[in-house]
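Read the structure below first, then the notes.
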Amino acid sequence: MVLAVLAGIHVVSAQSIRDVDVKAVLSEDGSARITQVWDVTVTEGTEWYVPISNLGKMTVTNLSVSENGQAFLSEGRGWDVHRSLSEKAGRCGIIDKHDGVELCWGQGSYGPHVWTAEFTVTGLVQAFSDADGFNFMFVNPGLLAPPQHVKVTVVNATGGPQWTYDNTRVWGFGSYGDIEVTDGAVVYESSEPFSFNSSVIELV
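Numbered continuously in the working numbering, the sequence shown closes out at residue 832.
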């Protein structure tokens, strides 16, 4: 660092994701309202984007994003990637892909940010012959930086029985962490920083 300063070189901190905190609230109709809180530092690019793939018959709608209590302007499914940093600032939207969607919003500026993104997943829970359940990737691999810490909490707001170890089975895949039924919710928490290919897949 001293040598870089003496040489007049500008040292830029790396792009990073310090924490991703996800909360999914399941409704009686099998849909979920998902909230993601992203604690990040950005050093390049014009937008933040979150891929959600392998949706099958599920749909993603109603994206909203905010920072410091200020709501972004939603552009629905008309997001235009070909804009500058300032043109995307304070705006969010969805891009449809062949196997899913990308949730997008303007970074606004370089440096630290804490964004809150909310969206609805319709058709998350499916009825099987022996149980109702879902298999969903809450955090995809290949993000703009590997997260240092991730927590995913799934809350039962269906009006049905409280989830317990007797009536609920849970499995987690894609990363090192623990998943369990705690106080009626399914909670996953990472036990070490992610790699570029890490993910959070839950079978419940």
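Glycine included, every Cβ here is placed at the ideal spot set by N, Cα and C. Bear in mind that the values here come from a model prediction, so they are computed numbers and not experimental data.
Judged by DSSP secondary structure, residue 675 falls within the beta strand (DSSP E) whose first and last residues are 675 to 681. Residue 802 and residue 796 have their alpha carbons spaced roughly 20 angstroms apart. Residue 819 sits in coil when the DSSP states are folded into three classes, being neither helix nor strand. Closest by C-alpha distance to residue 783, out of 708, 659 and 642, is 659. Every beta strand (DSSP E) of 3 residues or more that sits fully in the stretch 703 to 741 is shown, in chain order, as 719 to 725 and 728 to 734. 709 is the residue among 760, 709, 738 and 647 whose C-alpha sits nearest the C-alpha of residue 677. Around the beta-carbon of residue 719, 16 or more other beta-carbon atoms lie within 10 Å, marking it buried. With a 10 Å radius around the Cβ and a threshold of 16 neighbouring Cβ atoms, residue 697 comes out exposed. Contiguous alpha helix (DSSP H) elements confined to the stretch 772 to 809 do not occur, taking only those with 4 or more residues.
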